[in-house]
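**Q** Residue numbers (the working numbering): 604 to 904.
We put the beta carbon where it would ideally sit given N, CA and C, even for glycine.
Just so we're clear, the structure is a prediction, and the values are computed from it rather than from any experiment.
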């Protein structure tokens, strides 16, 4: 008999795992729970979050909710699944919901717990210049990402990955690992163990986090911010009163004797000074304008 699953989430991070379960005869995905549709774009078109839209495309029942009370009421009306799988849902689930499935409520979290509990684990890993990241598969509790762990998979970092790269690669990883892990949990062959180590908590990213205060940033700190905040909110600084967003850069750094915030053309490359070394910019964007190569921006500056 197929293992029944209700999937809860909103961000695109969970789409590949949802598809993996749908493609596996060992599972039956009963429904998807996500946040409500929101106005998007200049025309303010009501749009489901990515996981909800994927569920519609897969012809699954979709329940859109805005509060914990609505969620508690909903699960009381639905058939009880074997698993509730939660990925990037953005809501701490109350105990009645966590107790609802027959086997367990499972969360996939993109950090090596207990580091970076909370809303921005990938960005926080990059912001702090960590050398590894991973996915942890957790039995959920009412605490913020505090539950015991069924499994964690570490991934070594090269120092050049952006948040966009890691959202993609860790999403792929979870889609490969989650189905077999759920089968093992259902069979009783694997049990969760308490998290070990010093916990840390990360908060939600906002647009203002992307501003670079160059007088306070070393080259390495700037690179970490670029990696963490690409593609959103993007990192930017003000040059002559104009906001300049760094869309891509060369990870090579040089000591060119530039002061922090100084921009200079050297060997046909545009270099931006920090408190330590300079960084070569390859593509930038002015606010309200399309992105351009850094040399074109320099020539028109």
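Helix, strand or coil: which one does DSSP assign to residue 671?
**A** Three-state result, residue 671: helix.
**Q** Ends of the beta strand (DSSP E) at residue 845?
**A** From DSSP, the beta strand (DSSP E) with residue 845 extends over 845-857.
**Q** Taking residue 757 as part of the beta strand (DSSP E), name the residues at either end of that continuous run.
**A** Here the beta strand (DSSP E) through residue 757 covers 752-759.
**Q** Indicate whether residue 776 and residue 735 have their beta-carbon atoms separated by less than 8 Å.
**A** Going by C-beta atoms, residue 776 is not nearer than 8 Å to residue 735.
**Q** Closest to residue 813 by CA distance: which of 825, 604 and 717 is it?
**A** Cα-wise, what sits closest to residue 813 is 825.
**Q** Bridge partners for residue 808 per DSSP, in chain order?
**A** None; residue 808 has no bridge partner.
**Q** What span of residues does the alpha helix (DSSP H) with residue 881 cover, start to end?
**A** That residue, residue 881, is in no alpha helix (DSSP H); its beta strand (DSSP E) goes 881-889.
**Q** At which residue ranges does the stretch 671-722 contain complete beta strand (DSSP E) runs of 3 or more residues, listed in the order of the chain?
**A** Counting only runs of 3 or more, we get 686-690 and 707-712.
**Q** When the distance is taken between beta carbons, is residue 732 closer than 8 Å to residue 743?
**A** Result no, Cβ atoms of residue 743 and residue 732 do not sit closer than 8 Å.
**Q** Helix, strand or coil for residue 783? Go by DSSP, reduced to three states.
**A** Three-state result, residue 783: helix.
**Q** Spatial neighbours of residue 694 within its chain, please: C-beta separation below 7 Å, excluding the five flanking residues on both sides.
**A** For residue 694, where only same-chain residues beyond five positions count, the Cβ hits under 7 Å are 671.
**Q** Go ahead and label residue 866 buried or exposed: buried means 16 or more other beta carbons lie within 10 angstroms of its beta carbon, across all protein chains shown.
**A** Residue 866 comes out buried.
**Q** Answer with buried or exposed for residue 905, where buried requires no fewer than 16 other C-beta atoms within 10 angstroms of its C-beta.
**A** The structure shown has nothing for residue 905, since the chain only spans 604 to 904.
**Q** Do you know whose CA, among 635, 843, 691 and 690, lies nearest residue 678's CA?
**A** Taking only the C-alpha atoms, the option nearest residue 678 is 635.
**Q** In chain order, what residues of the same chain lie with their CB nearer than 8 Å to the CB of residue 674, ignoring the 5 residues before and after it?
**A** Same-chain partners within the cutoff: 636, 668, 694, 696, 697 and 700.
**Q** In whole angstroms, what separates the C-alpha of residue 886 from that of residue 851?
**A** Rounded to the nearest angstrom, the two C-alpha atoms are 5 Å apart.
**Q** Please specify which runs of the alpha helix (DSSP H), each continuous and at least 4 residues long, are wholly inside the stretch 604-635, giving them in chain order.
**A** List check, alpha helix (DSSP H) in window: 618-625.
**Q** Per DSSP, which one or two residues make a beta bridge with residue 876?
**A** Paired residue(s): 881.
**Q** Taking the alpha-carbon of residue 832 as reference, which of 811, 711 and 876 has the nearest alpha-carbon?
**A** Checked all of 811, 711 and 876; the closest Cα to residue 832 is 811.
**Q** Tell me whether residue 647 sits in a helix, a strand or coil according to DSSP, three-state version.
**A** Three-state result, residue 647: coil.
**Q** Among residues of its own chain, excluding the 5 on either side of residue 655, which ones have a beta-carbon nearer than 6 Å to its beta-carbon?
**A** Within the same chain, residue 655 has close Cβ partners 637 and 665.
**Q** By DSSP, does residue 869 sit in helix, in strand, or in coil?
**A** It is a strand residue.
**Q** Can you name the residues that DSSP bridges to residue 840?
**A** The partner list for residue 840 (beta bridge, DSSP) reads 847.
**Q** Looking at the structure shown, is residue 653 part of a helix, part of a strand, or coil, going by DSSP?
**A** Three-state result, residue 653: helix.
**Q** Comparing C-alpha positions only, which one of 690, 704, 692 and 676 sits nearest to residue 683?
**A** Considering only alpha carbons, the answer is 704.
**Q** Buried or exposed: residue 877, going by 16 or more other Cβ atoms within 10 Å of its Cβ?
**A** Counting Cβ neighbours within 10 Å, residue 877 comes out buried, since at least 16 surround it.
**Q** Please confirm whether residue 641 and residue 722 have their CB atoms less than 8 Å apart.
**A** Not closer than 8 Å, so no.
**Q** Helix or strand or just coil, what does DSSP make of residue 724?
**A** Helix, per DSSP.
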